[in-house]
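Note that my numbering numbers the sequence shown so that position 252 is 318, with each residue one more than the last.
Glycine is no exception: its CB is placed at the ideal position from the N, C-alpha and C atoms.
To keep things clear, I will list the structure first and then write my remarks on it.
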Amino acid sequence: MKIQKRVIIGIILAAFIGISSIIFVWLSYFPEGKRGPPDLTDRGAFYSDFFPTAVKPGFTTFQVWCHVGNIGESSTSDFNISYYASTDTIISADDYLIGIDTVSSISSMNFSFSGLDGVFPNSGIPDGIYYVGWIIDSTDDVNEFDETNNIAYVSSKQLIVDSLGPSSSISYIPESLPNIINNSTSFTLLADDGMGSGLDSIEYRIDDGTWTSYTGPFTLEGYAKNTHTIDYYSIDNVGNEETVNSEIVNLYIPSLYSGVLFAPGAPIDTPEDRIIRVGILDDLNWVTGKGTFQGSYLAIEQINSVGGITISSSTDPSFPNGTYYFGLIAENTYEAELSLDINKGINATNKMMTQHNTDFVIGGFRTEAVNAYREIIMDEQKIFINTGAASDTLCEDVGLNYSKYKYWFRAMPINSSSLASEICKFYALALKPALEAALGTVVNKVGILREDLIWTDKMSAVLNGYDVSYGNYGFNNNPWFNFTIVEEIAFPITATPLDFYGYISQLQDSGAQIVCPLISSPTGLYMSTAYGSVQPDFIIAGINVMSQLEIFWLQTLGDCAYELLMQSTTRTNKTTLTIPMWDAYVDLWDKDPFYTAIGSFDSVYMLLDAIIAAQSNDSDDIVIQLETINKANPMEGAGGNIAFNSNHDLIEGYDPITKKIYSVALWVQWQTGGTKSIVSSGGHIYPEWIVDAPIQIPPWL
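Below is the structure:
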């Protein structure tokens, strides 16, 4: 009867302290009159917890607590509770010790609070995610009835120990390297705390300004043309701060590179009198100018990085012996603008000659502009290597007035007459046979769609057979096959997208089976889009400068499919230098090189060889060296084997005997799936071993 009473009292007390499931074995084990030993156990999840859930060791105030009950018959002595961080739910003394709390004696059937409250210890607990648990009587000070019920943990959450700061980064798309931007360039800040406590904020400032919390992409709109520093760092949820990062950007408005001297690869302490200045004159807002700048930059960086130019036998006191490095400085001529203002090019050239004192000039795109500002350079008797304009007359002037124009050379592209003859040769010997084999009909009707500009005037004359000064290579009179020109449209470069739908319809109505575009302006995008949309009964094969861009498939949403175009170079073994140059350019600029990039790259190396040979940077001395680059002594370039004629123009052609590819254009085609492949010229313009794929015929023909 008395034992039953003790059992009832024990159960009531156990319920009071929250241990309703415990079976009091000791109650029946010890008879009345005998007092059993103490027995410590955790009171349960409702009475234990910790805060916060993420801590920085040595910094964050941390609290952890539990309630401990004595369900034995005897009181305990003082004892310790050790708190641990454990990677699993099996709490042991091998886990990471957080701290120890000493608890005073607990009488039978009673309980006591235990806990820690202080800075989380900086005692070597690695960063990670842990369970928080404890061992009651961890130093075994109490002789208990049951030693197996002294361990508990918080099961509802885990603790993040985080002693490391987050890592942040800045991302943006520069207009050019090194970190050249405009005032609309968007900057994005990102941060990651890994397995840590999580990101609290990213802070940034511009030019030692006020620190600002990052909330989204920002620009440098309103900042002046200059070098600017963007500082930024991140903070995590326990207060870990990242070391401040800095990004230096170069803001140039409105022309991205104008007036800035770059000497990539040269020692930073190179004195200015040891820098040979190469001036870039082109439309820096258009692909031609960007290509000219970027190709020159790559070549200069390569040359400077391996030690520059050594001069050891100079006889010119103004150019003493020693080591020199190339530098480049650009001015925007705006010559690709649809409404051409030649005064912009003239002003840029005057600045180049008087303020920047350049030694040589590379560039030029639109003949109408080049004709105007070239005069200034010729009067200054400076070398001007053209990389973008095709008009024959630019080089013919050398023969007509050598003393004035001898400083003019063309490195890219081949002239208009050569382009026209290659078009006729490709049409007759490669495209016509491919079309006739696929369509089972005679193909002999051609249409021409050209910009109404000087460079296409010459091409039109050759294609029509009016100009035979370079041979009979017109559509109507050539040595391979005579075509009939059924329609020719000379359109203004201000033409609209709607205009091109009209041009396509007009060419369709004419019965043209092949249409030859001659387009250097952005309107080439309009033509390709209209062609893909209408799908007329002809194939396009000719010159479309925009179509050379690797992004053109996306720009036209695939409407450029089956378009054949002339492109100076692709990633192929045109020479042993082509692929290395191509890959280096892509690595540096993250885009394929444009034809002006390849021409300017070769031009810089051409100047390097001439300066070393002449041991001089005087233009008259350099002219003598450049004139030695001829058919008997060609220079291997990335764009082909360069050889000049007496007018300082490029010699065009492929020599099947020597296997040398000179300055020829390759015929490439946008093929299904968005690939651009070199197609066969029948071995007449370039060798078959660089061909990628056969010509694809539009399925709607």
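**OP:** Within the region 652-686, note down every full alpha helix (DSSP H) run reaching 4 residues or more, in order along the chain.
**Re:** Assignment of alpha helix (DSSP H) within the region 652-686, counting only whole runs of 4 or more residues, yields 661-680 in chain order.
Subject >> beta strand (DSSP E) runs contained entirely in the region 428-491, provided each spans 3 or more residues >> reply: Segments of the beta strand (DSSP E) lying fully in the region 428-491: 449-452 and 474-476.
Subject >> Whole-angstrom distance between Lys511 and Gly774, CA atom to CA atom >> reply: Absent from the model: residue 774. The displayed extent of the chain is 67 to 767, so no value can be given.
Original post:
According to DSSP, what are the bridge partners of Asn311?
Top reply: DSSP output for Asn311 lists Tyr298 as bridge partner(s).
Original post:
Per the contact definition of three or more C-beta pairs closer than 8 Å, is the region 414-433 in contact with the region 449-466?
Top reply: With a cut-off of 8 Å, the region 414-433 and the region 449-466 count as touching, because enough Cβ pairs lie within range.
**OP:** Can you check DSSP and say which residues form a bridge with Tyr493?
**Re:** According to DSSP, which records beta bridges pairwise, Tyr493 is partnered with nothing at all.
Original post:
By how many angstroms is the C-alpha of Arg271 removed from the C-alpha of Asp297?
Top reply: Straight-line Cα distance between these residues: approximately 5 Å.
Original post:
Just reading off the alpha helix (DSSP H) that Ala365 is part of, what are its end residues?
Top reply: Counting along the chain, the alpha helix (DSSP H) containing Ala365 begins and ends at Val353 to Ser371.
**OP:** Could you please give the first and the last residue of the uninterrupted alpha helix (DSSP H) stretch that includes Asp348?
**Re:** DSSP places Asp348 outside any alpha helix (DSSP H); the residue lies instead in the beta strand (DSSP E), whose first and last residues are Ile341 to Asp348.
Original post:
Ser37 to Thr293, Cα distance in whole Å?
Top reply: Since the first and last residues shown for the chain are 67 and 767, residue 37 lies out of range.
Original post:
Can you round the beta-carbon distance between Leu584 and Ile605 to whole angstroms, since I take them to be within the 8 Å contact cut?
Top reply: The beta-carbon separation of Leu584 and Ile605, rounded to 16 Å, does not stay under the 8 Å limit for a contact.
Original post:
In terms of residues, what are the limits of the beta strand (DSSP E) holding Tyr539?
Top reply: Per DSSP, Tyr539 lies in no beta strand (DSSP E) and is assigned neither H nor E.
Subject >> Element boundaries [beta strand (DSSP E), containing Thr376] >> reply: Note, Thr376: beta strand (DSSP E), Ile375 to Ile377.
**OP:** Could you spell out where the alpha helix (DSSP H) holding Asn416 opens and where it closes?
**Re:** In the DSSP assignment, Asn416 falls within the unbroken alpha helix (DSSP H) covering Ile408 to Thr420.
Original post:
Could you give the distance in angstroms between the alpha-carbon of Gly329 and the alpha-carbon of Ser362?
Top reply: Note that residue 329 is Ala in the sequence shown here, rather than Gly. Taking the straight line joining both Cα atoms gives about 11 Å.
**OP:** Could you spell out where the beta strand (DSSP E) holding Leu631 opens and where it closes?
**Re:** Start and end: Leu630 to Gln633.
Subject >> Nearest-angstrom Cα separation, counted from Thr507 out to Leu767 >> reply: Separation of Leu767 and Thr507 (C-alpha to C-alpha, rounded to the nearest whole angstrom) is 11 Å.
Original post:
Which two residues bound the contiguous beta strand (DSSP E) that contains Gln735?
Top reply: Gln735 -> beta strand (DSSP E) spans Leu732 to Gln737.
**OP:** Leaving aside the five residues before and after Thr285 along the sequence, list all residues of the same chain whose C-beta is less than 8 Å from its C-beta, in chain order.
**Re:** Around Thr285: Asn249, Ser250, Thr251, Ser252 and Phe253.
Original post:
To the nearest angstrom, how far is it from the Cα of Ile763 to the Cα of Val509?
Top reply: Val509 has its alpha-carbon roughly 13 Å from the corresponding atom of Ile763.
Original post:
Where Glu287 and Gly325 are concerned, what is the direct C-alpha to C-alpha distance, given to the nearest angstrom?
Top reply: Approximately 20 Å between the Cα atoms of the pair.
Subject >> From Val464, Tyr400 and Ser405, residue whose alpha carbon lies closest to that of Tyr439 >> reply: Per the Cα distances, Tyr400.
Subject >> Endpoints, beta strand (DSSP E) assigned at Ser594 >> reply: That residue, Ser594, is in no beta strand (DSSP E); its alpha helix (DSSP H) goes Thr589 to Val600.
Original post:
Start and end of the beta strand (DSSP E) containing Asp425?
Top reply: Careful: Asp425 lies outside any beta strand (DSSP E) and carries neither H nor E.
Original post:
Exposed or buried, which one is Gln421 when buried takes at least 16 other CB atoms within 10 Å?
Top reply: Exposed is the call here.
Original post:
Exposed or buried, what is Val372 when buried is set at 16 or more other beta-carbons lying within 10 Å of its beta-carbon?
Top reply: Counting every other CB atom within 10 Å of its CB across the protein chains shown gives Val372 a total below 16, marking it as exposed.
Original post:
Among residues of its own chain, excluding the 5 on either side of Glu754, which ones have a beta-carbon nearer than 7 Å to its beta-carbon?
Top reply: Excluding residues within five positions, the ones whose Cβ falls inside 7 Å are Ser746.
Original post:
What does a CB cutoff of less than 7 Å around Ser180 pick up in its chain, not counting 5 residues either side in sequence?
Top reply: If you ignore the 5 residues before and after Ser180, its C-beta comes within less than 7 Å of the C-beta of Trp131, Cys132, Val134, Ile147, Asp167 and Val169, all in its own chain and listed in chain order.
Original post:
Smallest Cα separation from Ser729: which of Pro765, Cys461 and Phe710?
Top reply: The shortest C-alpha separation from Ser729 is found at Phe710.
Subject >> CA-to-CA distance, Thr276 to Lys122, given in whole angstroms >> reply: Roughly 27 Å between the two C-alpha positions.
**OP:** Could you name the residues of the same chain whose beta carbon sits closer than 6 Å to that of Lys795, not counting the 5 residues immediately before and after it, in chain order?
**Re:** With the chain covering 67 to 767 only, the question about residue 795 has no answer from this structure.
Original post:
So, is Met261 buried or exposed, given that buried needs 16 or more other C-beta atoms within 10 angstroms?
Top reply: By the neighbour-count rule (16 or more Cβ atoms within 10 Å), Met261 is not buried but exposed.
Original post:
From this set, Ile489, Thr155 and Phe667, which residue's C-alpha is nearest Ile514's C-alpha?
Top reply: Relative to Ile514, the option among Ile489, Thr155 and Phe667 whose CA is nearest is Ile489.
**OP:** Run the CB neighbour count on Val689, radius 10 Å, all protein chains shown included, and call it buried at 16 or more, exposed below.
**Re:** Result: buried.
Original post:
By how many angstroms is the C-alpha of Ser263 removed from the C-alpha of Asp207?
Top reply: Cα to Cα, the separation comes out at about 37 Å.
**OP:** Kindly confirm or deny that the region 492-499 and the region 460-480 touch, where touching means at least three C-beta pairs closer than 8 Å.
**Re:** No: the two stretches stay apart, fewer than three of their Cβ pairs being nearer than 8 Å.
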